[in-house]
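Visitor:
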Amino acid sequence: MNAPAKPVFRFAPSPNGELHLGHAYSALLNDRLAEAVGGRLLLRIEDIDVTRCTPEFEAAILRDLGWLGIRWEEPVRRQSEHFGEYETLLRRLIDAELVYPAFMSRGEIRAHIAEAETKGLRWPRDPDGAPLYPGADKELSKAKRRRRIADGEPFAWRLDTEAALARLPAPLSWREFTGETLAETQEVEARPQDWGDVVIARREIPTSYHLSVVADDALQDITHVVRGRDLYFATSIQRLLQNLLGLPEPNYFHHRLVLGPDGRKLSKSLGDSGLAALREQGVSPAEIRQMIGL
Numbered sequence: 022m023n024a025p026a027k028p029v030f031r032f033a034p035s036p037n038g039e040l041h042l043g044h045a046y047s048a049l050l051n052d053r054l055a056e057a058v059g060g061r062l063l064l065r066i067e068d069i070d071v072t073r074c075t076p077e078f079e080a081a082i083l084r085d086l087g088w089l090g091i092r093w094e095e096p097v098r099r100q101s102e103h104f105g106e107y108e109t110l111l112r113r114l115i116d117a118e119l120v121y122p123a124f125m126s127r128g129e130i131r132a133h134i135a136e137a138e139t140k141g142l143r144w145p146r147d148p149d150g151a152p153l154y155p156g157a158d159k160e161l162s163k164a165k166r167r168r169r170i171a172d173g174e175p176f177a178w179r180l181d182t183e184a185a186l187a188r189l190p191a192p193l194s195w196r197e198f199t200g201e202t203l204a205e206t207q208e209v210e211a212r213p214q215d216w217g218d219v220v221i222a223r224r225e226i227p228t229s230y231h232l233s234v235v236a237d238d239a240l241q242d243i244t245h246v247v248r249g250r251d252l253y254f255a256t257s258i259q260r261l262l263q264n265l266l267g268l269p270e271p272n273y274f275h276h277r278l279v280l281g282p283d284g285r286k287l288s289k290s291l292g293d294s295g296l297a298a299l300r301e302q303g304v305s306p307a308e309i310r311q312m313i314g315l
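Position in the sequence shown (from 1) plus 21 gives the number in the working numbering.
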């Protein structure tokens, strides 16, 4: 894949709710940085969750971004239109025996962990605080896996992180910009093992956030991934997938989060920080920039 002639940035919201001030900060920062370095800004709609994402929310996103004065290149990439591309990458991981079908339900996972903890075992948790997947399914024979899949049992494809790390020729890292000027970078150690065996795809949807985002960043020639600090640790898993699939590595900048009055990360359920509600109250785009420190 040829290197792009210009730096390429992207803003990639999910249409499962309305944009809030945190989204405005990320979108405007991407727009400003792309302009500062003579780069391009792409818009990607991350709508693989077909049950929660709606055309109405997508229309609202486009309306809010236009109101903020952000301009992006057409066409807009919608992940729901590209499941075939993600399935091709998934098949490569399956053929390489780097993923396995995981059949444990949420209730079975909780019961397994609870039993272990009653025996004094402190169950490991990922950077978000969720318990790691037990991984007992990895011991199933190929015949048993095929039979259970053929019987219609629900399952998810999970990355065998230990096996994947064993394939690496060298330790993983990524380049992280140290400030909003994008003047300097530092190498950050990637620790995908902290996440355990993450979901890579599901039976009904042949992808996940991690798989689709690395695929899209590669296909769209993204050079600069500028996104919230809440996704900082997820970069470790994405760097692992990029390495396994032979995909290019972008530069990263995980910016500060816009927090609510209670000091917590903003949520799409918080109406008072929603851009549509603020616009209806008469707040201007210039005042939005002041509110978020831009």
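Heads up, the beta-carbon is just placed ideally off N, CA and C, and yes, glycines get one too.
Remember, predicted model here, so these are calculated numbers, not experimental data.
Could you pull out every residue in the same chain whose Cβ sits closer than 6 angstroms to the Cβ of W216, ignoring the five residues on either side in sequence?
Guide: Position 195 of the sequence shown holds residue 216. Here the set comprises D147 and I258.
Visitor: Here's the rule: buried if 16 or more other CB atoms are within 10 angstroms of the residue's CB, otherwise exposed. What is L189?
Guide: Start at 1 with the first residue of the sequence shown, and residue 189 comes out as number 168. Exposed is the call here.
Visitor: Can you tell me the Cβ-Cβ gap for A48 and L86, rounded? I've got them flagged as a contact below 8 angstroms.
Guide: Stepping through the sequence shown from its first residue, residue 48 is reached at position 27. Stepping through the sequence shown from its first residue, residue 86 is reached at position 65. Confirmed, about 6 angstroms.
Visitor: State whether the segment 205-225 contacts the segment 173-193, with contact taken as three or more CB pairs (one from each stretch) at a distance under 8 angstroms.
Guide: Verdict: yes, contact present.
Visitor: Checking 8 angstroms against the spacing of the C-beta atoms, do I170 and P227 come in under that value?
Guide: Position 149 of the sequence shown, counted from the first residue, corresponds to residue 170. Position 206 of the sequence shown, counted from the first residue, corresponds to residue 227. Their beta carbons are not under 8 angstroms apart, which means I170 does not touch P227 by this criterion.
Visitor: Regarding E160 and the ligand HEM, is the C-beta to nearest heavy atom distance less than 7 angstroms?
Guide: Ligands in the displayed structure: none, and consequently the ligand HEM is not present.
Visitor: Would you tell me roughly how many angstroms separate the C-alpha atoms of D116 and A26, rounded to the nearest one?
Guide: For this step, residue 116 is matched to residue 95 along the sequence shown. For this step, residue 26 is matched to residue 5 along the sequence shown. For D116 and A26, the distance between alpha carbons rounds to 34 angstroms.
Visitor: From D68 to P36, what distance separates their C-alpha atoms?
Guide: Counting from 1 along the sequence shown, the entry for residue 68 is found at position 47. Counting from 1 along the sequence shown, the entry for residue 36 is found at position 15. Taking the straight line joining both Cα atoms gives about 6 angstroms.
Visitor: Below 7 angstroms CB to CB, which residues in the same chain sit around L278 once its five sequence neighbours on both sides are set aside?
Guide: On the sequence shown, position 257 is the one that residue 278 refers to. Excluding positions up to five away in sequence, the list reads G43, G249, R250, D251 and K286.
Visitor: Looking only at DSSP bridge pairs, what is Y273 linked to?
Guide: Position 252 of the sequence shown holds residue 273. Y273 pairs with E197 and V246.
Visitor: How should A177 be labelled, buried or exposed, when 16 other C-beta atoms within 10 angstroms of its C-beta is the threshold for buried?
Guide: Numbered from 1 along the sequence shown, position 156 holds the residue referred to as residue 177. It is buried - the Cβ of A177 has at least 16 other Cβ atoms within 10 Å.
Visitor: In whole angstroms, give me the CA-to-CA distance for S305 and L119.
Guide: Taking the first residue of the sequence shown as 1, we reach residue 305 at position 284. Taking the first residue of the sequence shown as 1, we reach residue 119 at position 98. Rounded to the nearest whole angstrom, the CA to CA distance from S305 to L119 is 50 angstroms.
Visitor: Given L153, which residues of its chain have a CB within under 8 angstroms of its CB, disregarding the five upstream and five downstream residues?
Guide: Here residue 153 corresponds to residue number 132 of the sequence shown, with the count starting at 1. The answer, listed in chain order, is W144, P145, R146, D147, W216, G217 and D218.
Visitor: Could you tell me the boundaries of the beta strand (DSSP E) in which I308 lies?
Guide: In the sequence shown, residue 308 corresponds to position 287, counting from 1. Residue identity differs from the one stated: residue 308 is Glu in this sequence, not Ile. Looking at the DSSP string, E308 is not in any beta strand (DSSP E); the run it does join, the alpha helix (DSSP H), is P306 to M312.
Visitor: Can you give the Cα-Cα distance for A81 and C74, rounded to whole angstroms?
Guide: Indexing the sequence shown from 1 puts residue 81 at position 60. Indexing the sequence shown from 1 puts residue 74 at position 53. So the two alpha carbons sit approximately 12 angstroms from each other.
Visitor: DSSP puts Y121 in a beta bridge; with which residues?
Guide: Here the question's residue 121 lines up with position 100 in the sequence shown. Answer is R179.
Visitor: Checking 8 angstroms against the spacing of the C-beta atoms, do T199 and N272 come in under that value?
Guide: In the sequence shown, residue 199 corresponds to position 178, counting from 1. In the sequence shown, residue 272 corresponds to position 251, counting from 1. It is not a contact, given that the beta carbons lie outside the stated cut-off.
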